[in-house]
Amino acid sequence: MSLPAKKYDVFQAIADPTRRQVLRLLAEKELPISEITSHFPISRTAISKHLKILSEAELVIGRKVGREKIYRLHPEPLTELKQWLSYYEQFWSNKLSVLKHVVEKEEESGLQVVRSKEEMERSSGQ
């Protein structure tokens, strides 16, 4: 028998800024929903829905402790995201290298203009 498909994938789960902030909070330590909710201007129900999406994407794991549910980060699914982004790093690196080259050329040209101006001032002053 095959496993049921996940309702949400990592990309869908992290698309929302609130969910990304929840992941940041849980990266620091395990937290109950009440403490997670205290960091946001939205209801406990809304946070619960965000946690459900994160759970379905297997980014967080909740466990019952007494009457509360404690959530913790489960970062392993983020490797899929990292692998996807690493492919595009080559484009960012290339763009940064080109920018560095352009800036260095402009600085070099600017220094030559300054030197030429200083030389002209010295020669006209004599």
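Each residue of the sequence shown is one higher than the one before, starting from 960 at the first, in this note's numbering. Beta carbons: idealized from backbone N, C-alpha and C, even for Gly. Remember, predicted model here, so these are calculated numbers, not experimental data.
Under DSSP, E1035 shares a beta bridge with no residue.
V1024 is bridged by DSSP to E1027. A straight-line Cα-Cα distance of about 45 Å links R983 and S1068.
Contact check for I1020 and H1033: beta-carbon distance about 5 Å, within the 8 Å limit, so the pair qualifies.
As a beta-bridge residue in DSSP terms, V1019 pairs with L1032. With a threshold of 16 other beta carbon atoms within 10 Å, A974 falls short and is exposed. In this structure, the CA atom of E1027 is about 36 Å from the CA atom of W1043. CA-CA distance, A972 to A1005, rounds to 14 Å. DSSP places P1000 in the coil class of the three-state scheme, outside both helix and strand. For K1008, the closest C-alpha among the options T977, H998 and L1055 is that of T977.
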